[in-house]
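Novice:
Protein chains: 2
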Amino acid sequence: MSDLLERLRERGWRLTSQRRVVAEVLDGEHVHLTADEVHARAAERLPEISRATVYNTLGELVTLGEVIEVSTDGRAKRYDPNAHHPHQHLVCTGCGAIRDVHPLGDPLADLPAEQRFGFAVSGAEVTYRGLCPACAG
Amino acid sequence: MSDLLERLRERGWRLTSQRRVVAEVLDGEHVHLTADEVHARAAERLPEISRATVYNTLGELVTLGEVIEVSTDGRAKRYDPNAHHPHQHLVCTGCGAIRDVHPLGDPLADLPAEQRFGFAVSGAEVTYRGLCPACAG
DNA sequence: TCCTACGATGGACGGAATCCAAGTCAAGAA
DNA sequence: TTCTTGACTTGGATTCCGTCCATCGTAGGA
Chain L
372 MSDLLERLRE RGWRLTSQRR VVAEVLDGEH VHLTADEVHA RAAERLPEIS
422 RATVYNTLGE LVTLGEVIEV STDGRAKRYD PNAHHPHQHL VCTGCGAIRD
472 VHPLGDPLAD LPAEQRFGFA VSGAEVTYRG LCPACAG
Chain X
372 MSDLLERLRE RGWRLTSQRR VVAEVLDGEH VHLTADEVHA RAAERLPEIS
422 RATVYNTLGE LVTLGEVIEV STDGRAKRYD PNAHHPHQHL VCTGCGAIRD
472 VHPLGDPLAD LPAEQRFGFA VSGAEVTYRG LCPACAG
């Protein structure tokens with residue numbers, strides 16, 4: 372966490388209280404929060420923080436590669452602070468719960484050159500779907 | 372195509388001109404259209420078709436498994452008529468262009484039991500990302 | 001041909017995210 | 001320490017995407 376703030380300062384970030392609080396919220400809970408949830412938790416510590424600032428800060432963290440944007444359904448994007456540990460996501464088709472998972476192998480290796488159509492392929496995201504134990508009842 | 376209309380009729384669909392036009396638009400171009408693009412193309416043939424009807428029909432086609440809903444960015448969902456041929460997607464990080472691709476192997480096989488956390492995993496979607504030849508310039 | 005339940009309509013509505021002009025403040029300069 | 005300035009924040013308006021709903025229309029069976 373202090374690592375994150377350090378890295379941000381090194382990249383020329385102005386360390387405002389708003390940015391600090393957003394970064395702390397993300398670091399505090401390794402879950403997948405929506406922008407509004409981040410805003411709500413941030414507002415507990417800094418009541419007047421605006422939604423626009425939360426969106427701005429999240430966007431900057433994504434650009435810097437410190438946070439990953441996840442959109443597993445058509446609804447609000449979620450923000451995953453676990454950006455430095457490659458992983459994929461397992462999503463419950465019932466309740467929408469998300470778990471980080473670590474599949475074997477590298478999905479990129481499964482895409483042969485003739486299936487790349489000249490693209491400079493740089494990454495792959497895998498979303499596994501299924502019913503979680505709670506929803507399977 | 373006529374196959375599709377046949378299948379729909381067999382499932383008790385009332386064959387309205389609106390549904391016919393939407394189905395024909397999807398079948399006509401094997402690209403990944405947004406709902407608004409489907410509406411625009413449908414309106415060329417049936418000017419008074421409403422957006423609500425296009426959304427309804429697309430939703431029904433998805434439920435019936437005739438069309439797949441794809442959301443590769445946080446923007447509008449896209450509709451993929453190629454539902455009967457399993458495939459994944461390759462998305463240009465520059466212009467957003469989408470290609471169907473066929474990777475080797477089965478992503479489900481790469482998720483070991485201890486990484487399933489009790490979920491009844493039923494499927495996996497893979498999104499490859501990279502710059503397309505045009506955007507790479 | 002007539003009936004009627006299913007489907008279409010379009011305008012209002014809602015959630016998510018972005019935009020913008022005005023105000024504020026972090027942090028380097030003096 | 002204070003000053004200065006451009007980067008940052010604010011919140012309300014706006015856009016985009018999609019859904020809802022009351023009303024109207026019509027496909028297709030009787």
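Order-wise, the sequence lines are chains L and X. For what it's worth, my numbering labels the leading residue of the first sequence as 372, then goes sequentially. For what it's worth, my numbering labels the leading residue of the second sequence as 372, then goes sequentially. Even glycine gets a Cβ: it sits at the ideal position worked out from N, Cα and C. All values reported here derive from a predicted model rather than from experimental measurement.
(1) Quick one: list the residues of chain L neighbouring Y499 of chain X, beta-carbon separation under 7 Å, in chain order.
(2) For a contact meaning CB atoms closer than 7 Å, what does V472 of chain X contact in chain L?
(3) Looking at C-beta atoms only, is the number of pairs between the region 384 to 397 of chain X and the region 485 to 494 of chain L that lie closer than 8 Å three or more?
(4) Report the option in X:V497, X:L379, X:C506, X:A507 whose CA atom is closest to the CA atom of L429 of chain X.
(5) Checking 8 Å against the spacing of the C-beta atoms, do L397 of chain X and Y450 of chain X come in under that value?
(6) Which residues mark the beginning and the end of the alpha helix (DSSP H) in which D407 of chain L is found?
(7) Let's test the definition: count the other Cβ atoms within 10 Å of the Cβ of C466 of chain L and tell me whether it reaches 16, buried, or not, exposed.
(8) Can you find a CB in chain L that lies within less than 8 Å of the CB of G476 of chain X?
(9) Would you mind reading off the limits of the alpha helix (DSSP H) that contains D398 of chain L?
(10) For a contact defined as C-beta to C-beta under 8 Å, what are the partners of G445 of chain L on chain X?
(11) With a threshold of 8 Å between beta-carbons, can P504 of chain L be considered close to chain X, or not?
(12) Can you give me the Cβ contacts of S421 of chain L inside the same chain, cut-off strictly under 7 Å, excluding the 5 residues immediately before and after it?
(13) From L502 of chain X to Q459 of chain X, what distance separates their C-alpha atoms?
(14) When you compare only the Cα positions, how much space is there between E440 of chain X and A468 of chain X?
(15) Mind listing the chain X neighbours of C463 of chain L? Cutoff is C-beta to C-beta under 9 Å, in chain order.
(16) In three-state terms, what does DSSP make of D471 of chain X?
(17) Please state whether DSSP places G501 of chain L in a helix, a strand or coil.
(18) Apply the 10 Å Cβ neighbour rule to T443 of chain L and answer buried if 16 or more other Cβ atoms are within range, or exposed otherwise.
(19) Compare the C-beta of A454 of chain X with all C-beta atoms of chain L and state if any pair is closer than 8 Å.
(20) So, for A413 of chain X: in the same chain, excluding its five sequence neighbours on each side, which residues have a beta-carbon less than 8 Å away from its beta-carbon?
(21) Do the CB positions of T498 of chain X and K448 of chain X come within less than 8 Å of each other?
(22) Looking at P483 of chain L: is its Cβ nearer than 8 Å to the Cβ of P478 of chain X?
(23) Can you tell me whether E440 of chain L is helix, strand or coil according to DSSP?
(24) For L417 of chain X, which residues in the same chain have their Cβ closer than 8 Å to its Cβ, ignoring the five residues on either side in sequence?
(25) Taking V433 of chain X as the reference, which of X:V462, X:H455, X:E415 has the closest Cα?
(26) If distances are taken between C-alpha atoms only, which option among L:A495, L:A423, L:N427, L:V438 comes closest to L375 of chain L?
(27) Counting contacts by CB-CB distance shorter than 8 Å, is A423 of chain L in contact with chain X?
(28) P454 of chain X by DSSP, collapsed to three states: which one?
(29) Is the shortest distance between the beta-carbon of A507 of chain L and the beta-carbons of chain X less than 8 Å?
Specialist: So, to answer that:
(1) Working through the second sequence from its first residue, we reach residue 499 of chain X at position 128. Chain L residues near Y499 of chain X: L482, V492, A495.
(2) Translated into the one-based positions of the second sequence, residue 472 of chain X becomes position 101. In chain order: L482, Q486.
(3) no
(4) Locating residue 429 of chain X in the second sequence gives position 58, where the first residue counts as 1. Cα-wise, what sits closest to L429 of chain X is X:L379.
(5) One-based indexing of the second sequence puts residue 397 of chain X at position 26. One-based indexing of the second sequence puts residue 450 of chain X at position 79. Their beta carbons are under 8 Å apart, which means L397 of chain X touches Y450 of chain X by this criterion.
(6) Counting from 1 along the first sequence, the entry for residue 407 of chain L is found at position 36. From DSSP, the alpha helix (DSSP H) with D407 of chain L extends over 406 to 416.
(7) Counting from one through the first sequence, the residue named residue 466 of chain L turns up at place 95. So C466 of chain L ends up on the exposed side.
(8) Within the second sequence, numbered from 1, the residue matching residue 476 of chain X stands at position 105. Closer than 8 Å to some Cβ of chain L, the Cβ of G476 of chain X qualifies, so yes.
(9) Working through the first sequence from its first residue, we reach residue 398 of chain L at position 27. According to the DSSP assignment, D398 of chain L belongs to the alpha helix (DSSP H) that extends over 388 to 399.
(10) Residue numbering aside, residue 445 of chain L sits at position 74 when the first sequence is read from its first letter. Residues of chain X passing the Cβ test: E440, S442, K448.
(11) Numbered from its first residue, the first sequence carries residue 504 of chain L at position 133. Chain X contact via Cβ: present.
(12) Within the first sequence, numbered from 1, the residue matching residue 421 of chain L stands at position 50. Contacts found: none.
(13) Position 131 of the second sequence, counting from 1, holds the residue named residue 502 of chain X. Position 88 of the second sequence, counting from 1, holds the residue named residue 459 of chain X. Taking the straight line from one Cα to the other gives about 17 Å.
(14) Here the question's residue 440 of chain X lines up with position 69 in the second sequence. Here the question's residue 468 of chain X lines up with position 97 in the second sequence. Going from the Cα of E440 of chain X to the Cα of A468 of chain X covers about 16 Å.
(15) The sequence position of residue 463 of chain L within the first sequence is 92, counting from 1. Simply F490.
(16) Here residue 471 of chain X refers to the residue found at position 100 of the second sequence. D471 of chain X falls in the strand class under three-state DSSP.
(17) Taking the first residue of the first sequence as 1, we reach residue 501 of chain L at position 130. Here G501 of chain L sits in strand by DSSP.
(18) Working through the first sequence from its first residue, we reach residue 443 of chain L at position 72. Looking at its Cβ environment, which holds 16 or more other Cβ atoms inside 10 Å, T443 of chain L is buried.
(19) Here residue 454 of chain X refers to the residue found at position 83 of the second sequence. Answer no: the Cβ-Cβ gap between A454 of chain X and chain L never drops below 8 Å.
(20) Residue 413 of chain X sits at position 42 when you count from the first residue of the second sequence. Correct list, in chain order: Q389, V392, V393, V396, I420, V425.
(21) Taking the first residue of the second sequence as 1, we reach residue 498 of chain X at position 127. Taking the first residue of the second sequence as 1, we reach residue 448 of chain X at position 77. Contact: no.
(22) In the first sequence, residue 483 of chain L corresponds to position 112, counting from 1. In the second sequence, residue 478 of chain X corresponds to position 107, counting from 1. No.
(23) Position 69 of the first sequence, counted from the start, is the residue given in the question as residue 440 of chain L. Per DSSP, reduced to three states, the secondary structure at E440 of chain L is strand.
(24) Residue mapping note: residue 417 of chain X aligns to position 46 of the second sequence, counting from 1. Closer than 8 Å at Cβ, skipping near neighbours: S388, Q389, V392.
(25) On the second sequence, residue 433 of chain X is found 62 positions in, with the first residue counted as 1. Nearest C-alpha to V433 of chain X: X:H455.
(26) Working through the first sequence from its first residue, we reach residue 375 of chain L at position 4. If we check each option's Cα against that of L375 of chain L, L:V438 comes out closest.
(27) Here residue 423 of chain L corresponds to residue number 52 of the first sequence, with the count starting at 1. No, A423 of chain L does not count as interfacial toward chain X.
(28) Your numbering for residue 454 of chain X matches position 83 in the second sequence. It should be noted that the sequence gives Ala, not Pro, for residue 454 of chain X. In this structure, A454 of chain X counts as coil in the three-state DSSP scheme.
(29) Position 136 of the first sequence holds residue 507 of chain L. Yes, its Cβ sits closer than 8 Å to a Cβ of chain X.
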